[in-house]
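Going letter by letter, the sequence shown gives residues -19 to -1, 1 to 177 in mature numbering (1 follows the signal peptide of the UniProt record, and there is no 0).
A virtual CB, placed ideally from N, CA and C, is assigned to each residue, including glycine.
Being a predicted model, the structure only gives us computed values, none of them experimental.
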Amino acid sequence: MNPASLILLAFAMSTDAFAASVGRGAELSKVRFISALRIGIVFGVVEAIMPLAGWALGHVAMRFVSGIDHWIAFAMLALLGGHMIWEGLKKGGADAIKVAGAQQEDKSIWLIAVTALATSIDAMAVGITLALTDINIVVASLAIGLATTLMVTLGTLLGRAIGTIVGKWAEVLGGLILIAIGVAVLYEHLAGLTSV
């Protein structure tokens, strides 16, 4: 995976967390930078850990699927991207996540972590997919974590100004990016086969 694809992947993984943070910020009467950064760091750490867990699972399964790994990576990314698009377009898709994390202004770190976990399950699936590709998982996980920290912090700060609709469309964009990356993985493999 080239650096541009890695950056796109990192930001695609952060879109559902961004959608949740925009909803959270939209409901708060006043958002302080330190609070937004704290929420961003919690989401970023959780989002960075999940691909590592998925990668470990995928690495174990690698010996069983090495002949069709590119097709599996394509299918998983396409399904995950399609699911993100569906959730983004579905009325209330992002709202279900944001309500779970926005009941009160004084949130405990544990409630924020649970909300972060709910939005990072897709990162675990991507981690499984990354085990099937030639990528440094530590670099990928750090990129995903940093992108999520940035996006969640910004989403929380801008929530009052941009509203929940932007968060939903961000999730749709993230889904389209995942599908495009899946197509690129498949294309690179098939092009490599035909050029040999």
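Taking DSSP as the reference, what is the three-state secondary structure of residue i?
i	result
VAL12	coil
ILE49	coil
THR114	coil
When we look at the beta-carbon of residue i and count the other beta-carbons within 10 Å, is it buried (16 or more) or exposed?
i	result
PRO32	buried
GLY35	buried
PHE45	exposed
ASP115	exposed
VAL12	buried
Kindly indicate the opening and closing residues of the alpha helix (DSSP H) around residue i.
i	result
ALA(-10)	-17 to -7
GLY108	102 to 111
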